[in-house]
Structure formats: structure tokens, C-alpha cells
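Notes for the one structure printed next.
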Amino acid sequence: MELSHLRVFVAVARHSNITRAATSLHLTPSPVSRTIRELEREIGSRLFERSYHSLELTPAGDELLPSAVEMLRIAGEILGEPRPPLRLGATPWAPSRFAKRLRAAADEAWDGPIEFEEAMSSELLPKLKFGELDAVLVHLPVDMPGVESRVVAEYHLELARFPRSADAQERESPGSETVLILPIVLQRRTMEHTVTLLNDAGYTHVEEIAFSDLLTVGPRMRRTGASLMTTRATDTPIGALVDMDELEFRKLGSGDDSLQLGLVTRTTEARIAPVLLQIAHMLAPAGSKPEVI
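Numbering follows full-length UniProt numbering, with no gaps: position 18 of the sequence shown is 18.
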């Protein structure tokens, strides 16, 4: 196995397409396909499931990818490539205090330049997976091979709505109200878990808010009487759009209504593992209970 095999493998995994991977490597598709076949023969397993439009990693490919990314990084280090900055990411949909704490912890633990990116978890996690970010602060759980997480905070999901008249409440049958949730694409596993919680609690009229409608979520709740699945945290995008002090909060009645925020890193990261461990410890000391919001 040569580094060129791993470089091609990582490119195909990143782009899920032979042609796009070849373009990124300044090659034609034919040698890229040949290299993948050679690597699969050497590994003794198929690394990709092939379909007409794309390639998806098999379990064997998922297992190889974290090590391949790290081996390419080590090779670059040996060849004298400049030390990259510490690259961190955070979801803006978590309370902003935690992104600020992550920045502060990184400033204390790292003696070089730091790059910080705020984006949806669905954008941050692939970058972590392929070594473009060193750690990300996102909602858990994260179902991705080759990573580990430390819980930083925990907050409870509740139903929130503007106060309603007694008559309106009497006319409403249990579970009949519309419940709004944030766009599922923000982090699919977390939002699908939210829908399951609502359904288990008897709420069947669940609507996903479109990104284009987020700015008008407050007026929509006033006009329709809909509830919003959210937390009481005010330093979030929803907290900036809706006055939390005006809302009435109700518990779901489910025993598993908590949402966790965690720092996620690659398990194969060796270059800055001590730095990332120090940052994680500053955010959530080992053995301590997560901060409850």
C-alpha cells in the first residue's frame, strides 16, 4: 500500500464520485478507478458500494478512512509541510456562550494561529471526518466512525407557546396542537430524535420550519397558536427571534427529553491530541457532570 493509494481513497470518499475525485487530484477517472481496485484487492474487502450516481463507503471503508486521513497528515508532517493552524468549528444553534468558551479554551491551550468556523453540524462533521477541522462543538449523538465526544452541556426540550385564552385551551384536544421544530438538516440524528420524542408523547402534528420561515416563527406562533419545541436558553438564534419571557413552557411528559452538546474529535488525531484533551477538560472537566441549562 502506498500513500498514493490512500490519497486517492480519501478523495473518492470525500467526493463520493470517481470523476470529481479525479478532478480534485488532477487525474483522469481511469487511474483513480484502477487505484481503488488495487487497494480493495490489497485490503481484501470492498471499500465502496457502487451505484449509478455515487459511491458510498462500506463498513470496511468507514473503518479505513480515519487511519488514512491521519497517515496522510503524518506524511505531510514528515515532508516538512507547514504546521497548520488549530481548526475548530461550532454550531450556531447551540447557546452562544459555549462557542465563546471554546474560543477562550483554545486561546489558552494553543500557541499558534486558530481558525474558527460556525456552520450547521451537517457541514462541520464531514470536515472533521476528512481532517479539515480538528474539533467541533455540535449536538449529540454523532454517529460517525473514528470520532469520540465529550458532553459539555445538557438542556431539556420543552414545548413553548404564547399564552392562550381559557376558551382556546378548552377547545383543544390533547395532542392536537401543531408543534414546530427546527429544520431537520441542522443535524439529522438530533432532530429525528426530537420528532420521536413528540410522537411518543402523543403529538402527531409536527411541522418542520423551513429556513426561509425562521424569521417569522414568532408571528406564526402568535397567529396560529402553534407550539415550538425548544429550550429556555436565550442566547440562541431562536432566542433572538422570539422573546422567551413571553412564552409559556410545558414539559413533554417524556423521561428522555434532554439534548446534549458535546466536543467531538477524531480518535486517530495524534499531532494535537494533548491540546484537544486540554480544551475538552476546560470545557467539561473529566468526572464532572455536564452543565445543565
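For glycine and all other residues, C-beta sits at the position ideal for the given N, C-alpha and C.
Beta-carbon separation (whole angstroms), residue i vs residue j, contact threshold 8 angstroms
i: L283; j: R164; result: The Cβ separation is near 39 angstroms, so there is no contact.
i: P290; j: V152; result: 6 angstroms
i: W110; j: L137; result: Contact doesn't hold; Cβ gap of about 15 angstroms is too wide.
i: L140; j: Q260; result: 4 angstroms
i: L197; j: L247; result: At roughly 19 angstroms, the Cβ-Cβ gap does not stay under 8 angstroms, so L197 and L247 are not in contact.
i: L55; j: V10; result: That pair is no contact at about 13 angstroms.
i: A280; j: L263; result: 5 angstroms
i: L276; j: G146; result: No, L276 and G146 are not in contact; Cβ-Cβ is about 14 angstroms, not under 8 angstroms.
i: A99; j: A90; result: 4 angstroms
Residues sharing a beta bridge with residue i, DSSP
i: Y155; result: L259
i: G89; result: E117 and V136
i: T265; result: A135 and E148
i: K251; result: E158
i: L180; result: E207 and L228
i: R50; result: L55
i: E291; result: A153
Same chain, Cβ closer than 7 angstroms to residue i, neighbours up to 5 away in sequence not counted
i: A233; result: P95, Y155, G239 and I293
i: R46; result: E40, T58 and A60
i: T28; result: A22
i: D235; result: P95, S96 and R97
i: P113; result: P85
i: S16; result: S54, L55 and E56
Same chain, Cβ closer than 6 angstroms to residue i, five either side skipped, listed in chain order
i: V32; result: V8, I18, A21 and A22
i: E42; result: M1
i: L180; result: E207, I209, A226 and L228
i: K128; result: With the sequence shown as reference, residue 128 is identified as Leu, and Lys is not the correct amino acid for it. Around L128: V136.
i: L3; result: A75
i: residue 331; result: As shown, the chain starts at 1 and ends at 293. That puts residue 331 outside it, with no answer to give.
i: F249; result: E158 and A160
Rounded separation between residue i and residue j - CA only
i: L252; j: T190; result: 16 angstroms
i: E118; j: V242; result: 22 angstroms
i: E77; j: R83; result: 8 angstroms
i: E108; j: S122; result: 28 angstroms
i: R97; j: P237; result: 12 angstroms
i: E63; j: T204; result: 38 angstroms
i: R222; j: P183; result: 20 angstroms
i: V12; j: E81; result: 23 angstroms
i: V217; j: A160; result: 12 angstroms
i: R50; j: L25; result: 20 angstroms
i: M144; j: P126; result: 9 angstroms
i: F48; j: S67; result: 16 angstroms
i: R103; j: E38; result: 43 angstroms
i: G213; j: A201; result: Correcting the residue type first, residue 213 is Asp in the shown sequence and not Gly. Spanning the two alpha carbons is a distance of roughly 26 angstroms.
i: H5; j: F211; result: 40 angstroms
i: F162; j: M244; result: 9 angstroms
Same chain, Cβ closer than 8 angstroms to residue i, neighbours up to 5 away in sequence not counted
i: E70; result: G131, R266, T268, E269 and A270
i: T224; result: T178
i: N199; result: V206
i: R220; result: L180, D213 and A226
Residue i - containing alpha helix (DSSP H), residue span
i: G239; result: P237 to L241
i: M229; result: Note, M229: premise wrong, no alpha helix (DSSP H); beta strand (DSSP E) at S227 to T230.
i: I279; result: A273 to L283
i: F9; result: L3 to H15
i: M244; result: Neither: M244 is in no alpha helix (DSSP H) and is coded neither H nor E.
i: L39; result: P29 to I43
i: A105; result: S96 to A109
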